[in-house]
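Under UniProt numbering, think of the first position of the sequence shown as 1, with each following residue one higher.
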Amino acid sequence: MDLNRASMKRFLYLNEMKELRNDAYINSNIAKQRLKRWHDQLVSHKQFQKGQRVLLYDSKLHIFPGKLKSRWIGPFTIQEVYSNGVVELLSSIRTFKVNGQRLKPFLKPFSKDNEEINLLEPHQA
């Protein structure tokens with residue numbers, strides 16, 4: 001009788017351990033999905049069109065890049081946009097493919113033309 005009771009106790013203990021392990025597995029999957037959703041919110045989804053001008057992020061490790069050195073190179077012209085996020089760029093020398101996350105739109109520089117605006121005198125009260 002004592003052996004029978006001990007074997008049942010051991011069997012219940014093993015089942016309890018399996019349940020705890022399954023609960024931990026389910027909780028870790030839930031946490032992983034929440035973390036993935038949070039990281040996906042941080043990724044900006046950029047839409048590029050053919051012919052658009054863009055800047056390319058230079059991701060090479062530069063130990064001492066110097067003061068006020070921009071890590072954006074370009075501008076380049078987009079030759080082709082693929083559905084998986086790859087963008088084919090056209091430079092003056094060649095064409096190459098890069099990840100779309102390394103690009104940002106190129107904004108035209110401001111014109112340095114001075115524009116005059118005539119201001120009216122305020123009314124004296």
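Note that the Cβ used here is the ideal one computed from N, Cα and C, for glycine as well.
Measure from the alpha carbon of Q79 to the alpha carbon of each residue in R37, F96, P65, N114, then state which is nearest.
The option with the nearest alpha carbon to Q79 is F96.
Work out the CA separation of Y82 and L56 for me, nearest whole Å.
The alpha-carbon atoms of L56 and Y82 are separated by roughly 17 Å.
Hey, quick one: how far does the alpha helix (DSSP H) through F11 stretch, first residue to last?
Counting along the chain, the alpha helix (DSSP H) containing F11 begins and ends at 2–42.
Taking all protein chains shown into account, do 16 or more other C-beta atoms lie within 10 angstroms of the C-beta of F64, making it buried, or fewer, making it exposed?
It is exposed - the Cβ of F64 has fewer than 16 other Cβ atoms within 10 Å.
Rounded to whole angstroms, what's the CA-CA distance from K32 to R21? Just pull it up for me.
In a straight line, the C-alpha of K32 is about 16 Å away from that of R21.
Thinking C-alpha only, which one of D113, Q101, G85, L3 is nearest D58?
Ranking the options by Cα distance to D58, first place goes to Q101.
Considering only residues of the same chain and omitting the five flanking positions on each side of K104, which have a CB-CB separation below 8 Å?
Here the set comprises K46, V54, L55, Y57, W72.
Rounded to whole angstroms, what is the Cα-Cα separation between P75 and D40?
So the two alpha carbons sit approximately 27 Å from each other.
Over what stretch of residues does the beta strand (DSSP E) that includes F96 continue unbroken?
F96 -> beta strand (DSSP E) spans 95–99.
In angstroms, rounded to a whole number, what distance separates the CA positions of I93 and S70?
So the two alpha carbons sit approximately 22 Å from each other.
So L89 and V98 are supposed to be a Cβ contact under 8 Å. How far apart are they, rounded?
That pair is a contact at about 6 Å.
Got a sec, what are the start and stop residues for the beta strand (DSSP E) R53 sits in?
Where R53 is concerned, the enclosing beta strand (DSSP E) stretches over 53–57.
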